[in-house]
Amino acid sequence: MSLTQWLLTLASIGLVLLGLLLIGAIMSYGERRILALLQDRLGPNRAGPFGLLQPVADILKLVSKEAFVPPFADRMVYTVAPIIVPMTALLSFAVVPVSEDGWLADLNIALLYVLALSSLRVYGIMLGGWASNSKYSLLGGLRSAAQMISYELPMGLALVGVVMLSGSFSLREIVAAQELPFIVLQPLGFIIFLVSGIAETNRLPFDLPEAENELAAGYNTEYGGIKFAFFYLGEYLGVLLIAALVTVLFLGGWHGPWLPGVVWFALKTLALILLFFWLRTSLPRLRYDQLMDLGWKLMLPAALFNLLITAVLGLFWMKG
Amino acid sequence: MNKQTPTLLVRLWHSLWTTLRHAWAKRETVSYPEIKRPLPGRWRGRIVLTRDPDGEERCVACYLCSAVCPVDCIHLQATQRDDGRRYPETFRIDFSRCIFCGFCEEACPTLAIQLTPDFEMCERSHDELVYEKEQLLIEGQGKHPGYNFYRHAGVAISGKAIGEGIGDTPPVDHDTNLP
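Chains as they are written, first to last, in UniProt numbering: chain A, 1 to 320; chain B, 1 to 179.
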């Protein structure tokens, strides 16, 4: 590649990175305002117009805090763990196609790449909980590991239906194949993927690794300042990633009448993000055994059933 | 699928619908600096020293408020006027320690020290929260208008001490009636 190409690539990476961080910051503000809206409160409305500068204030506060490492923590792992979480989410965005020609990388195994990164994400949380060397953190980290394993299986299986229908692992080709959004052809797969996605991002009602009521703050109990900010950023980027993936895989990505593709993509993603916030304020946290029951006894068989139906029907249609 | 699944879905939807309806409900938050809710009259806030109807200080510097204060935030120094009436030379309340329990108000025999419905007294340093007598003493009578301690206790005049008037009981010597 020539120098210009390198520079262009670097510039686009920087731009996307900056944009994602900005979206993550805005989401932290938006979530608080929407939770407040649904809970008869006002939410942050002091910093700037409508409190829009609240993320700036939050970031300034977190950055200016002491970079404290507890004396009983495993220093190296403790420092590295919070970086893993947002990094995996950021890396995943490289393959998410925003519009017909708006994507950074068109991997032919994009779906596997995304699943692999979302599996790596658990290392950040689990190691963070382990390295903190406190019982709350450890319990949070262990729960996180158990939860990820239980929900990655149905998540992956639900995606096999999508792959069967589109005949490709490339996210761009999956969207291109959706003249009819896959939510119509794969309603069960959509629900399974959405629920697993919520569980993967540790959002309520599946936020057992964090579980404020039982575990103080779960895996990030011992974290503060910029390291805590990284965990937080990772959580919001994870929500954004799952929303974007559901849009790409089931809601038809950029497809839609009248408006340009990017706008359709943004609207669908936004609607899903709002759904995440809505679920958070509405549903109580599952108990640990309920979580395992749901994952292994309901979601996994349902995902297998969905796979079977898709395979059989697909076989007949392709023959005919 | 277990038997509970349909009801579970109904319950899920019920939760979601309930929170969604609250989007249009009245906000419970009061935007405080712009909107100030009226405080009840018995609110225990900033402490003041009041005056009697004649405009004299009610405080007789008996030290009861200082003694009862659980956090020891009241400090005063008694002195005497030429006519024998006691008053505090200095009166100092450290509001950075005060817990606004109101014990001083209950202990005060002359209804001099009173708590008022005002809590907006933030400062940037502890020193500024130490209120001196000039800051505590107000011109008015506070919650008990018309009350004058000396109307009940009496005052000594020339040739006649307290308790020597007709129908008076002599004052108790508080050094001899200790338990």
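Note that CB positions come from ideal geometry on N, CA and C, so glycine has one too.
For residue i, which three-state DSSP category applies?
i	result
R287/A	coil
P187/A	helix
T281/A	helix
E214/A	helix
I47/B	strand
A311/A	helix
Q54/A	helix
S158/B	coil
T19/B	helix
S168/A	coil
I192/A	helix
S31/B	coil
M1/B	Residue placement at M1/B cannot be trusted, given a pLDDT of 47 that sits under 50; the coordinates are not used to answer.
L137/B	strand
Q178/A	coil
A73/A	coil
F228/A	helix
L159/A	helix
K36/B	coil
H174/B	coil
D293/A	helix
I149/A	helix
residue 251/B	Missing from the structure shown is residue 251/B; chain B here goes from 1 to 179 and no further.
P260/A	coil
D99/B	In the sequence on display, residue 99/B carries Ile and not Asp. If DSSP states are grouped into helix, strand and coil, I99/B belongs with coil.
T4/A	helix
R121/A	helix
G320/A	Its pLDDT being 47, under 50, G320/A is placed unreliably in this model, and the value from its coordinates should be taken loosely. Coil, per DSSP.
A94/A	helix
Residue i: buried (16+ other C-beta within 10 angstroms of its C-beta) or exposed?
i	result
C122/B	exposed
T4/A	exposed
T269/A	buried
R203/A	buried
I138/B	exposed
S158/B	exposed
P179/B	exposed
E179/A	exposed
P89/B	Correcting the residue identity first, residue 89/B is Glu in this sequence and not Pro. So E89/B ends up on the exposed side.
M126/A	buried
Q114/B	buried
A244/A	buried
G234/A	buried
S118/A	buried
K227/A	buried
E57/B	buried
Q290/A	exposed
D175/B	exposed
F305/A	exposed
Is any beta-carbon of chain B found at less than 7 Å from that of residue i?
i	result
D40/A	yes
G320/A	Here G320/A scores only 47 on pLDDT, less than 50, and its place in the model is too uncertain to base an answer on.
L283/A	yes
L37/A	yes
Check the Cβ-Cβ distances between residue i and every residue of chain A, and say whether any is below 7 Å.
i	result
S66/B	no
residue 193/B	There is simply no residue 193/B to check, as chain B begins at 1 and stops at 179 in what is shown.
T19/B	yes
T29/B	yes
H22/B	yes
S15/B	yes
A61/B	no
A25/B	yes
Name the DSSP beta bridge partners of residue i, please?
i	result
A78/B	P88/B
V130/B	D94/B
E57/B	R51/B
I113/B	L49/B
Just checking my contact of residue i with residue j at CB under 8 Å: how many whole Å lie between their CB atoms?
i	j	result
A158/A	S166/A	Not a contact, Cβ separation roughly 14 Å.
Y219/A	P209/A	5 Å
D54/B	Q141/B	About 10 Å separates the two Cβ atoms, so there is no contact after all.
P154/A	I192/A	5 Å
V71/B	C98/B	7 Å
A216/A	Y136/A	5 Å
Give the interface partners of residue i over in chain C, defined as CB-CB distance under 7 Å, in chain order.
i	result
W296/A	No chain C appears in this structure, whose protein chains are A and B.
When every heavy atom of the ligand SAH is checked, does at least one fall within less than 6 Å of the C-beta of residue i?
i	result
W264/A	With respect to the ligand SAH, the structure shown offers nothing to examine, as it has no ligands at all.
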